[in-house]
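Each protein sequence line maps, in turn, to chains A and B. Remember, the numbering used here sits 33 above the position in the first sequence when you count from 1. Remember, the numbering used here sits 33 above the position in the second sequence when you count from 1. Beta carbons are placed, not taken as given, at the ideal position from N, Cα and C, and that holds for glycine. Given the structure is predicted, the values throughout are model-derived calculations rather than measurements. Each remark here refers to the structure printed beneath this line.
2 protein chains.
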Amino acid sequence: MKRIGILGTGTVGKTIGTALLKLGYEVKMGSRSSENALAKEFTETNGSKASNGTFAEAAEFGEILFNCTLGMASIQALNLAGKDALKGKILIDLSNPLDFSKGMPPSLSVCNTDSLGEQIQKEFTDLQVVKTLNIVNCEVMVNPAKSGGEPTMFICGNAAPAKEKVLEILHQFGWKDCIDLGDISNARGMEMLLPLWVRTYLSTKNGYFGFKVIRQA
Amino acid sequence: MKRIGILGTGTVGKTIGTALLKLGYEVKMGSRSSENALAKEFTETNGSKASNGTFAEAAEFGEILFNCTLGMASIQALNLAGKDALKGKILIDLSNPLDFSKGMPPSLSVCNTDSLGEQIQKEFTDLQVVKTLNIVNCEVMVNPAKSGGEPTMFICGNAAPAKEKVLEILHQFGWKDCIDLGDISNARGMEMLLPLWVRTYLSTKNGYFGFKVIRQA
Chain A
34 MKRIGILGTG TVGKTIGTAL LKLGYEVKMG SRSSENALAK EFTETNGSKA
84 SNGTFAEAAE FGEILFNCTL GMASIQALNL AGKDALKGKI LIDLSNPLDF
134 SKGMPPSLSV CNTDSLGEQI QKEFTDLQVV KTLNIVNCEV MVNPAKSGGE
184 PTMFICGNAA PAKEKVLEIL HQFGWKDCID LGDISNARGM EMLLPLWVRT
234 YLSTKNGYFG FKVIRQA
Chain B
34 MKRIGILGTG TVGKTIGTAL LKLGYEVKMG SRSSENALAK EFTETNGSKA
84 SNGTFAEAAE FGEILFNCTL GMASIQALNL AGKDALKGKI LIDLSNPLDF
134 SKGMPPSLSV CNTDSLGEQI QKEFTDLQVV KTLNIVNCEV MVNPAKSGGE
184 PTMFICGNAA PAKEKVLEIL HQFGWKDCID LGDISNARGM EMLLPLWVRT
234 YLSTKNGYFG FKVIRQA
């Protein structure tokens, strides 16, 4: 369980990858090209446990994969990785189907009666999709205390053993209050939190926050 | 500011109305018929400050109105009240466009690029719509401590003075942490929290909760 593939080399992928290296994991960042400059920089600056390659190479490398691509490009990126490389793997899907085509604030390209998490699971039936972490910015993902407290993290997916493994990583990141909502259809509610996240961010001018479910013990 | 009209005589309307009476407001519950049994019971059991009537009579009575009708019936109920009776009034819209036609969990009948709050504001231009309270169950609405802590309440609407008056009532209910998101288009994010509310409720078997925005002070 110590080899992780990251799909996507943007700020989110780099932040997740760096945090995983600090936790002792071996991390391969995947992108369209193994010559991707950001991914090469990640490899060159992070020692022997860091590497990079194509989407397919990162998917083959990791037992657990993080989907850090833009939501609207995720299915395409996973197709580039290929069903063979993805077979049997756990995919932590932290992306959101944000549609910025009409400016800020974004809408969702899918919601309500479907979700990106479900679309990925439906397209890649041999992948174990676990939706989580998509409801905070990437620095809070790997360090919830950056919110100034102990927010709640939701998790959902069809495979209970996969969720157990993902919960281990969430705990390593510092998430203490995690709620398992159930199967992957719960990605709807988690992704539909994004409009409120964006509007809270625009209103408070602060992206370092999380949502806590305040409830009777 | 001491006369309030409640549109809708279900559990939500009754809970809101009873809480407002305790705070010293005069409350008229409105329904399709002034002979509505639940509304008459409200009048008979709550002393001289409680009364009931038609939607139009409740709307005329109150300076502030609460929309406690089912979301999918709200526009129809407001049309029954009539634009004359609604003119210049503040409407606290705590409803949600929940569509149970396909069973549990419900979907939303409008979301993403529109919202029920916006639809009401667009249809009733002389009404000052303030969206709030829709993100918790009605007992938590009037007593946030029932969640076991201090959750956050969001508020949005186009008219700042109307929001100030609504915030006074929120504070009287016990809401200490309120975030004004801006104009009524922010109802989208607030209503889109409902799928996560429902799924959290189904997962935890506990409806007495609220969401707190954990953030740096």
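Any Cβ of chain B closer than 8 angstroms to the Cβ of Leu141(A) would place that residue at the interface, and such an atom is present. With contacts defined as CB atoms closer than 8 angstroms, Ile247(A) and Pro184(B) qualify as a contacting pair. Of Thr233(B), Leu227(B), Ile188(B) and Ser64(B), the smallest CA-CA separation from Thr102(B) is found for Ser64(B). Residue contact check for Leu200(A) against chain B: no CB pair falls below 8 angstroms. Assigned with DSSP and collapsed to three states, Asn219(A) falls in helix. Closest in alpha carbon position to Ile168(A), among Ala250(A), Gly222(A), Ala193(A) and Gly46(A), is Gly222(A). With respect to the 8 angstroms criterion, Ser148(A) and Ala220(A) are classified as neighbours on the basis of their beta carbons. For Leu98(A), the uninterrupted beta strand (DSSP E) segment begins and ends at Ile97 to Asn100.
The Cβ of Met174(A) sits no closer than 8 angstroms to any Cβ of chain B. Within chain A, no C-beta atom comes less than 7 angstroms from the C-beta of Lys196(B); the nearest is roughly 13 angstroms away. For Leu103(B), the secondary structure class from DSSP, reduced to helix, strand or coil, is coil. In the DSSP assignment, Val199(B) falls within the alpha helix (DSSP H) that extends over Ala193 to Phe206. Per DSSP, the unbroken beta strand (DSSP E) holding Asp126(B) starts and ends at Ile123 to Asp126.
In the pairwise beta carbon analysis, the stretch 132 to 140 of chain B is classified as not touching the stretch 150 to 161 of chain B: fewer than three pairs are separated by under 8 angstroms. Gln161(B) is bridged by DSSP to Ile123(B).
Looking from the CA of Lys238(B), the closest CA among Gly215(B), Trp230(B) and Ile125(B) belongs to Trp230(B).
Per the coordinates, the alpha-carbon of Lys47(B) lies some 51 angstroms from the alpha-carbon of Leu111(A). For the stretch 203 to 214 of chain A, the set of positions with a beta-carbon nearer than 8 angstroms to some beta-carbon of chain B reads Ile212, Asp213 and Leu214 in chain order. Shortest Cα-Cα distance from Leu200(B) to any of Leu166(B), Met225(B), Lys179(B) and Ser81(B) involves Leu166(B). Under the Cβ criterion of 8 angstroms, Lys238(A) is not counted among the residues facing chain B. Burial is judged here by how many other beta carbons sit within 10 angstroms of a residue's own beta carbon; Gln161(B) has at least 16 and is buried. Using a C-beta cut-off of 8 angstroms, the stretch 89 to 99 of chain A makes contact with the stretch 47 to 61 of chain A, since at least three inter-stretch Cβ pairs fall below that distance. The beta strand (DSSP E) runs lying completely inside the stretch 40 to 105 of chain B and spanning 3 residues or more are 59 to 64, 83 to 87 and 97 to 100, given in chain order.
According to DSSP, residue pairing for Lys245(A) in a beta bridge involves Lys245(B). For Leu214(B), same chain residues with a beta-carbon under 8 angstroms away, outside a window of 5 residues either side, are Phe187, Ile188, Cys189, Gly222 and Met223 in chain order. With its beta carbon less than 8 angstroms from one in chain B, Lys245(A) belongs to the interface.
Excluding five sequence positions before and after Ile217(A), the CB atoms of its chain that fall closer than 7 angstroms to its own CB belong to Gly150, Glu151, Gln154, Val162, Lys164, Cys189, Gly190 and Asn191, given in chain order.
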